[in-house]
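Read through the structure below, which is laid out as C-alpha cells, and then see the notes.
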Amino acid sequence: MQQTIGVAIVGAGYMASEHARAFAAIPAVRIVGVCGRRPDRAEALAAQHCAPVFDDIGRMAAETHAAIVVVAVNELSMAAVCSEVFKHSWLVFLEKPVGVDWPQAREIADQAARAGARAYVALNRRSYASTRQALATLAEGQGPRLVSVLDQQDMASAAAGGQPAEVVRNYMFANSIHLVDYFNCFCRGRVREIVCPVPWSPEVPGHVVAVLRYDSGDSGVYQAVWNGPGPWSCTVTNDTVRVELRPLERLGIQRRGERRLTEVAPDPIDSEFKPGLMWQARQVLEAHAGRPHTLASIGDALDSMALVADIYGMRGDG
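Under my numbering, the first residue of the sequence shown carries the number 911, and numbering increases by one thereafter.
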C-alpha cells in the first residue's frame, strides 16, 4: 500500500491555493495543514482540502508531521517565514522570489545553509511544458546559443494593484525574475560579463538593455520596457534551430532552412492546472524520495536574483 505524503501550506493567497490544488491532485499526497496570516483565507483554503488550520508554523510541523512544506507568502514576509520554516526537517518548497531584493535573497539563502535545509524554489517557468520541450529541441543542435528575452513591467499598475511601495521599488526582483531566469535556464555555464548599453534609471523608468556573455560561449540579450507596452517573450537560437516562447506557455520551432515557425501543441496539464505547477509538484515528490529531479535549488534562485541585481545595478555588495 502506497504511503501518503503529508504536505503543509504556509500562506493562503492565490499561489498557495494553486500549489495546494496541484499537490492534492496527486493520489499519494494529502494536504495536512494550512498556516496563513489571514484566518479567513486560511480557513477557506483548509476547508477545500479537509485540513486543519494553524496559527503557528512550529505547531503545524509538530502536529502534522508533514514531509513537505510549500511556502507561498508575500515578498515582505518571506525572510521571517523562512526563519521559522527552516527550523524543521521537512523539505521546503518556496514560491519565488526569494525575498524582496538581493540582500534579502542572500540572507534567506544563508539561513537555509546554516539550517541545513532541503530548500527548492518554484521558478515555475522552468517547469512549463513549452520550456521543457524547448530544452529538448535545443539539445539536438550544436554550438553556442543566443537567448533573447523581452520583459515588460509597469510600476504604476503594480501600485494600483495593491503592491506595497517597497515591492514596487523592487519590482524587477518581484516580477522580472520570471523573465531573467530564462537566461540561467537556457544559457549554459556561468555568467562571465554583463554590459548594459541602456541602463536602468530609477528616477525615470523606461527602457533597459543588457548583453550577457557566458563562459560556455552562450550569449543573452535582455530588453525591458518599463511603463510601456510589450509582450513577454523568449527566443533561443543555435546553429540548427530557433525556439520561440510567445506567449511563454506556447512553443514555436523554426529549423534551419525553414521560413516559418511550427507551433507545438501545448501539454493539456498546463491548462488543467496553473502552467508548470503539476510538473513542479511531481518533481518535489521526486526530490523528497531522493530521486533525480529538475527543481531549482535555492542556489539557482539566488543566481537569478543576482543576475537581476547586476542587470539593474542593484547588487550593492561590490
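Glycine included, each C-beta is placed from N, C-alpha and C at the ideal position.
State the CB to CB distance for the pair residue i and residue j, rounded to an integer number of angstroms; the pair is presumed to be in contact (CB under 8 Å).
i, j, result
"PRO1007", "PHE1083", "5 Å"
"VAL1010", "VAL995", "Incorrect: roughly 17 Å between the Cβ atoms, too far for contact."
"ALA935", "HIS959", "At roughly 11 Å, the Cβ-Cβ gap does not stay under 8 Å, so ALA935 and HIS959 are not in contact."
"VAL1153", "LEU1048", "6 Å"
"ALA1022", "ILE1208", "5 Å"
"CYS1097", "ARG1035", "Not really, about 15 Å apart at Cβ, beyond 8 Å."
Taking 8 Å as the threshold (C-beta atoms), are residue j and residue i in contact?
i, j, result
"ASN984", "ALA1066", "no"
"ALA1046", "LEU1161", "no"
"ALA932", "VAL944", "no"
"TRP1110", "GLY1226", "no"
"THR1041", "CYS1106", "no"
"PRO1176", "ALA1015", "no"
"LEU1205", "VAL1194", "yes"
"TRP1012", "ALA1219", "yes"
"LEU1155", "PRO1074", "no"
Smallest Cα separation from residue i: which of the options?
i, options, result
"VAL1135", "VAL1108, GLU1154, PRO1157, ASP1128", "VAL1108"
"SER1129", "VAL1146, VAL1114, PHE996", "VAL1146"
"GLU1159", "ILE1179, ASN1148, ARG1152", "ILE1179"
"ILE1221", "GLN1164, PRO1185, PRO1202, ILE1087", "ILE1087"
"ARG853", "TYR1038, ARG1028, LEU1217, VAL1153", "Because the chain is modelled from 911 through 1228, residue 853 falls outside the range shown and cannot be assessed."
"VAL981", "ALA954, VAL1101, ARG947, GLU953", "ARG947"
"GLY1053", "THR1150, TYR924, SER987", "THR1150"
"ILE941", "ALA1191, SER1111, ARG1035", "ALA1191"
"VAL991", "GLY1071, THR1041, GLN1193, GLY921", "GLY921"
"ALA1199", "ILE967, VAL939, HIS929, ARG1098", "VAL939"
"ILE1104", "MET1188, VAL963, ASP1125", "ASP1125"
"GLY1051", "GLY1071, ALA952, GLY1099, ARG1165", "ARG1165"
"PRO1157", "PHE964, ARG951, ALA1070, LEU1089", "LEU1089"
"ASP1020", "ALA961, PRO1115, GLY923, SER993", "SER993"
"PHE1003", "GLN1133, ALA1068, PHE1183, MET925", "MET925"
"ASP1091", "SER1181, ASP1210, GLY1099, PRO1115", "ASP1210"
Report the three-state DSSP secondary structure of residue i (helix, strand or coil).
i, result
"LEU1004", "strand"
"ASP950", "helix"
"MET925", "helix"
"SER999", "coil"
"ARG1192", "helix"
"GLN1014", "helix"
"ASP1064", "coil"
"SER1214", "helix"
"HIS1198", "helix"
"GLY1228", "For GLY1228, the pLDDT reaches just 41, beneath the cut-off of 50, and the residue's location in the model is therefore unreliable, leaving the point undetermined."
"TYR1132", "strand"
"VAL983", "coil"
"ALA1029", "strand"
Distance cutoff 8 Å, beta carbons only. Does residue i sit that close to anything in chain D?
i, result
"GLU1159", "No chain D is part of this structure, which consists of one protein chain only."
contact_flag[the segment 1053-1073, the segment 1138-1153] where n(CB pairs < 8 Å) is 3 or more: yes
Inter-stretch contact at 8 Å, needing at least 3 Cβ pairs: the segment 1112-1127 / the segment 1160-1172: no
Assess, as a yes-or-no matter, whether the segment 961-974 is touched by the segment 915-931 under the definition of 3 or more beta carbon pairs within less than 8 Å. yes
Any contact of the segment 995-1015 with the segment 955-974, i.e. 3+ C-beta pairs under 8 Å? yes
Taking 8 Å as the cut-off, does the segment 1029-1044 touch the segment 1203-1215 (at least 3 CB pairs, one atom from each stretch)? yes
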